[in-house]
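Okay, structure first, notes after.
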Amino acid sequence: MDQTFSAIVPAPLRCVQAALADLRSYQHWLDMVDEVEVADSAQGDPGPAYFVTLIAKLGPFARRKRLRMVRTESGPEGATFERREIDGRDHSPWVLGAKATGRPTTVAMRLAYGGSLWSDALGSVLEAQVNGAVDALASYAVAHHGSDIAPPQ
972 MDQTFSAIVP APLRCVQAAL ADLRSYQHWL DMVDEVEVAD SAQGDPGPAY FVTLIAKLGP
1032 FARRKRLRMV RTESGPEGAT FERREIDGRD HSPWVLGAKA TGRPTTVAMR LAYGGSLWSD
1092 ALGSVLEAQV NGAVDALASY AVAHHGSDIA PPQ
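My numbering applies: residue 972 is where the sequence shown begins, and numbers increase by one.
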């Protein structure tokens, strides 16, 4: 599964970009991210590491998955986080990337999963959650990064 979703977010661009660059913020506005904790960095990690608990709810059923993810790309528009476990075993890849651009602020979010266990359920869950996350992201970005906005010149 490899899906990208786009949505217009009613918040200032720089506020949204700051929220997208910090994986810890995702638990506050994206329902499938249940919890994020800072993890110790390992040799070769290109950026900060996190333990992320994902949850996919389908009716009365829920599936949880805990991953170690590392920020692998970071720029002014947003960031990409990839699964990087350090237990020596092979794991299915997970990639979560989000970037905000333009006026109005437009967010493109990509979720890629290389396994088969979650893929059928994950696509429909993610699409519904991205639509629901727009207002939550806007509120979070303004509340937590509103002071990051430079005054007009």
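Even glycine gets a Cβ: it sits at the ideal position worked out from N, Cα and C.
Contacts around residue i, its chain only, beta-carbon distance under 7 angstroms, and the 5 residues preceding and following it disregarded
i, result
"Val1105", "Ala978, Val980"
"Glu1048", "Gln988, Lys1070, Ala1071, Thr1072"
"Ser1063", "Tyr1084, Gly1085, Gly1086"
"Glu1098", "Phe976"
"Gly1117", "Cys986"
8 angstroms contact criterion, which residue i and residue j should meet: CB distance rounded
i, j, result
"Leu1082", "Gln974", "6 angstroms"
Of the listed residues the options, nearest to residue i (C-alpha basis)
i, options, result
"Lys1036", "Leu994, Arg1042, Ile1026, Pro1064", "Ile1026"
"Val1023", "Arg1034, Ser1012, Asp1016, Leu1038", "Leu1038"
"Pro983", "Val1004, Trp1000, Val1078", "Val1078"
"Ser1012", "Glu1006, Met972, Arg1054", "Arg1054"
Beta-carbon proximity list for residue i, same chain, < 6 angstroms, skipping 5 on both sides
i, result
"Phe1052", "Leu994, Met1040, Arg1042, Leu1067"
"Leu1108", "Val980, Trp1000"
"Cys1057", "According to the sequence displayed, residue 1057 carries Ile and not Cys. Counting only Cβ-Cβ distances below 6 angstroms, and skipping sequence neighbours, we find Ala1013."
Close beta carbons around residue i, own chain, < 8 angstroms, minus the five adjacent residues each side
i, result
"Tyr1111", "Ala990, Ser996, His999, Trp1000"
"Thr1076", "Ile979, Val980, Pro981, Ala982, Pro983, Leu984, Val987"
"Asp1005", "Gln998, Thr1024, Leu1025, Ile1026, Arg1035"
For residue j and residue i, the rounded distance between their alpha carbons
i, j, result
"Leu1100", "Asp1002", "Note on residue identity: the sequence assigns Gln, not Leu, to residue 1100. Gln1100 and Asp1002: Cα-Cα distance of roughly 6 angstroms."
"Ala1020", "His1115", "21 angstroms"
"Ala1033", "Asp1016", "31 angstroms"
"Asn1196", "Gly1018", "Beyond the ends of the chain as shown, which are 972 and 1124, falls residue 1196; an answer cannot be given."
"Glu1008", "Gly1059", "21 angstroms"
"Arg1074", "Val1113", "16 angstroms"
"Arg1061", "Met972", "One detail in the question is off: residue 1061 reads as Asp in this sequence, not Arg. Distance between the alpha carbons of Asp1061 and Met972: 18 angstroms."
"Ala1050", "Met1080", "10 angstroms"
Distance CB(residue i)-CB(residue j) smaller than 7 angstroms
i, j, result
"Ser1045", "Ala992", "yes"
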